[in-house]
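Report on the structure given below.
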Amino acid sequence: MTESSGLSTLKRKIPRDLQRQVDDIQIKIPRTTGPHDDLDNSKKRWLVVGICLHNIISPVLRNYVVPVITKLCYSLTRLHKINQQTYRSYLRRYPPTNKELNYEAINSNKDKFKWRRALYDYRVKSPVDLSRLFLQTHMAHFTAFDDSCDSSALLGIIVNIDRFPAIVQADAKKIRSNIRNPWAHCDFSAWTATKYTDSFKLMGQLITNLRLSNREENSILGELNRWATNGKNFLSGTGLDVEIVDGFRQQTHILSEYVQRVCTRTDSQFDTVQKELTDLESVSNI
């Protein structure tokens with residue numbers, strides 16, 4: 171698959187039936203009690219945290235990584251001519267950390283040439299290309315620092331590149347292991363009330379440590395707090411006015427579109443995520 175065809179796939183319209191199902195998730199409230207209700211609440215916590223991770227945190231991180239990666243790309247282009255590389259002469263490892271760079275992740279090399287590395291195009295043509303070199307191939311299908319660059323890729327970029335502050339890297343590692351990966355694996359038993367609270371604390375900690383402008387930081391933290399509170403109301407079925415319900419509907423739709431995009435990739439675990447988003451609507455007590 172070429173990069174242009176990959177981009178076309180990423181932008182494929184979400185199926186109408188999936189859109190209808192996920193758009194209605196948030197307006198249904200629990201009608202029964204007991205263990206099944208506990209599972210339903212776990213799914214709702216999973217949904218709310220997923221909305222915040224992908225619709226609030228990811229856009230912030232996309233903006234955050236761009237100047238850092240752009241500056242690093244300029245530096246490596248000047249020092250190592252990474253934009254002119256060939257099989258006979260290319261930067262195999264990132265000098266400061268000795269991390270091996272993954273050239274099958276750029277220029278459609280893996281799709282075109284599989285393991286015939288002598289045929290690879292080693293030219294790093296943009297900051298986006300450079301960021302892909304630090305990721306596993308299945309995480310590097312994004313074509314720009316836009317919606318195609320998901321939370322998994324963004325967290326990996328921050329963790330793997332030493333140009334980001336150590337405290338931000340530490341937060342990114344925790345979010346990847348404690349929030350993003352459990353969310354992607356759909357282990358609902360993990361999404362307790364405590365994990366819900368801890369997830370919002372960790373996302374807020376990351377935002378604080380990014381050292382954004384006061385106005386931007388306060389705005390984002392306010393948005394996270396709003397979702398944390400409204401999410402609890404979503405669980406109990408109380409305090410849900412028209413504006414809040416509309417917010418859940420809109421953001422769940424955005425999340426479903428994200429899942430639909432990643433389901434077109436090789437990361438098969440998102441098949442389960444998509445199924446759960448679809449099945450939530452059919453559960454009688456949600």
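Just so you know, the numbering used here puts the end of the sequence shown at 456, numbered straight through with nothing missing.
C-beta: ideal position from N, C-alpha, C; glycine also.
It should be emphasised that the depicted structure is a prediction, and the values quoted were computed from it without experimental measurement.
- Query: Looking at the structure shown, is Tyr264 part of a helix, part of a strand, or coil, going by DSSP?
  - Reply: As a working mapping, residue 264 is identified with position 94 in the sequence shown. Residue state, collapsed to three classes: strand.
- Query: Span of the alpha helix (DSSP H) holding Phe404?
  - Reply: As a working mapping, residue 404 is identified with position 234 in the sequence shown. Element bounds for Phe404: Asn384 to Ser406.
- Leaving out five residues before and five after Thr203 in sequence, what residues of the same chain have Cβ atoms less than 8 Å from its Cβ? On the sequence shown, position 33 is the one that residue 203 refers to. Residue confidence for Thr203 is low, a pLDDT of 39 falling below 50, so the modelled location carries little weight and cannot support an answer.
- Excluding the 5 residues preceding and the 5 following Glu270 in the sequence, name in chain order all residues of the same chain whose CB lies nearer than 7 Å to its CB. The residue given as residue 270 occupies position 100 in the sequence shown. The answer, listed in chain order, is Arg262 and Arg263.
- Message: Check for me: the alpha helix (DSSP H) holding Pro335 runs from which residue to which?
- Response: Position 165 of the sequence shown, counted from the first residue, corresponds to residue 335. Here Pro335 belongs to no alpha helix (DSSP H), and DSSP marks it neither H nor E.
- Message: Comparing C-alpha positions only, which one of Ser318, Val238 and His224 sits nearest to Val329?
- Response: As a position in the sequence shown, residue 329 is number 159, starting the count at 1. The candidate whose alpha carbon is nearest that of Val329 is Val238.
- Message: Which of the three DSSP states is assigned to Lys365 in this structure?
- Response: Within the sequence shown, numbered from 1, the residue matching residue 365 stands at position 195. Lys365 falls in the helix class under three-state DSSP.
- Query: Does the separation of the CB atoms of Ser212 and Trp361 fall below 7 Å?
  - Reply: Residue 212 sits at position 42 when you count from the first residue of the sequence shown. Residue 361 sits at position 191 when you count from the first residue of the sequence shown. The answer is yes: Cβ separation under 7 Å.
- Task: Please look up how many angstroms separate the CB atoms of Leu380 and Tyr244, rounded, as I've assumed it's under 8 Å.
- Result: By one-based count along the sequence shown, residue 380 stands at place 210. By one-based count along the sequence shown, residue 244 stands at place 74. With a Cβ gap of about 22 Å, Leu380 and Tyr244 do not count as contacting.
- Item | According to DSSP, residues forming a beta bridge with Ser259 | Taking the sequence shown and counting its residues from 1, one reaches residue 259 at position 89. Answer is Thr256.
- Item | Nonlocal neighbours in the same chain, by C-beta distance under 6 Å from Gln255, ignoring five residues either side | Position 85 of the sequence shown, counted from the start, is the residue given in the question as residue 255. If we look at Gln255 and ignore the five residues flanking it on each side, its Cβ neighbours are Tyr292 and Arg293.
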